[in-house]
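The structure under discussion appears below in the form of structure tokens.
In full-length UniProt numbering, the protein residues as written are 1 to 364.
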């Protein structure tokens, strides 16, 4: 058993930890985008408020090496309109609270050489913390060591565990080639994704361009414009826009930002906002002209271009993440591969435990 010491990092340590944080990330199985220092620190800078207290736990071994991080914060929250609790939860989400920028595939980041010992130490420390009534582990990977050990060994005893929501986070393996991928699709999906390209190309000059990262501000303006045409409002405004512009600039420095566009007769009609880390592409957001042509689904065609590009280059996985489309669960049509993520509510406060047990009993 490795001797693990838990520390609480302050704001300055968080801000100055980029190199150390990402070195640990490289030696872990945590998600390289959502658990990166760039995403986590930018989220905290953008969305934290005075009533949110940083509880960033750092684990070191006997040699003083960083071997784990549990990025958490503490705040007061109101549930069911009447229950006020002190809620400990992941940096990256505000469960059933204000709108932020969703952070998926979360867990406690640990060096793979001592993962079990570090996770045990984190939960022992959390159990001794006095000032929380409930722990929310939102968008937690079900295949992570964090989830498996917590559930299997009941690392937080005398608590009421609630599996409140569960989602599929979809991804496409792009190592087998685009032709093989197309064969796996249903007839209608293949038609929308690829076959109708020729219809589009007959109408005018079509250009698909990837890795357009020269004018980040303008790309977000275009994304907002096209999103508003389809949904009636821009996708990123205010603090959410600030978060994404800041993150995009940080990721561009690492050559990890990847906007792509489709232009028709020199006019942009579709855009995707993506990141690429370790040959893994993440589709964060898309925007396109829904009224372009009644028989041509630009959103599907753009996915087709992106998937083909991934198959022809060094991308090994194209991640669609969780969520559904406007009219259909299109991600399930594009791939059968997914990772399960869960929102886990762990209630320690005795009164709140009773209230939720009663609620769950009468709402079975």
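Note that beta-carbon positions come from the ideal geometry of N, C-alpha and C, so glycine has one too.
For residue 109, which beta-bridge partners are listed by DSSP? 69
Can you tell me whether DSSP reads residue 433 as helix, strand or coil? A query on residue 433 cannot be resolved here, the shown segment of the chain reaching from 1 to 364 and no further.
Could you tell me the alpha carbon to alpha carbon distance between residue 8 and residue 300, rounded to whole angstroms? 46 Å
Considering only the alpha carbon of each residue, which of 56, 255 and 312 lies closest to residue 129? Residue 56 is the option with its Cα nearest to residue 129.
So, using beta-carbon positions, are residue 169 and residue 339 closer together than 8 Å? yes
Which one of 178, 58, 289 and 113 has the shortest CA to CA distance from residue 366? In the structure as shown, the chain begins at 1 and stops at 364. Residue 366 is therefore absent and cannot be evaluated.
Could you work out which residue in 83, 175 and 4 is closest to residue 62 when comparing CA atoms only? 4
Runs of 4 residues minimum, wholly inside the UniProt domain "BioF2-like acetyltransferase" (188-331): which ones carry the alpha helix (DSSP H) assignment? 197-203, 216-231, 238-253 and 298-312
Does the segment 214-233 come close enough to the segment 282-290 that 3 or more CB-CB pairs lie under 8 Å? yes
For the segment 269-278 against the segment 250-261, are there 3 or more C-beta pairs whose distance is under 8 Å? yes
Note down, in chain order, each residue of its chain lying with its Cβ closer than 7 Å to the Cβ of residue 121, except the 5 sequence neighbours on either side. 4, 6 and 59
Coil, strand or helix - residue 27 by DSSP: coil
If contacts are defined as beta-carbon pairs under 8 Å, then residue 133 and residue 85 qualify, I think. What distance do you get, rounded to the angstrom? 4 Å
Would residue 174 pass as a contact of residue 311 if the rule is Cβ separation under 8 Å? yes
When the Cα atoms are used, what is the spatial distance from residue 266 to residue 296? 18 Å
Please state if the CB of residue 100 and the CB of residue 34 are separated by a distance shorter than 8 Å. no
Using only CA atoms, which one of 23, 97 and 196 lies nearest to residue 49? Of the candidates 23, 97 and 196, the one whose C-alpha sits nearest the C-alpha of residue 49 is 97.
In this structure, how does DSSP classify residue 139 when only helix, strand and coil are distinguished? strand
Output the boundary residues of the alpha helix (DSSP H) element that contains residue 182. Per DSSP, residue 182 belongs to the alpha helix (DSSP H) from 178-183.
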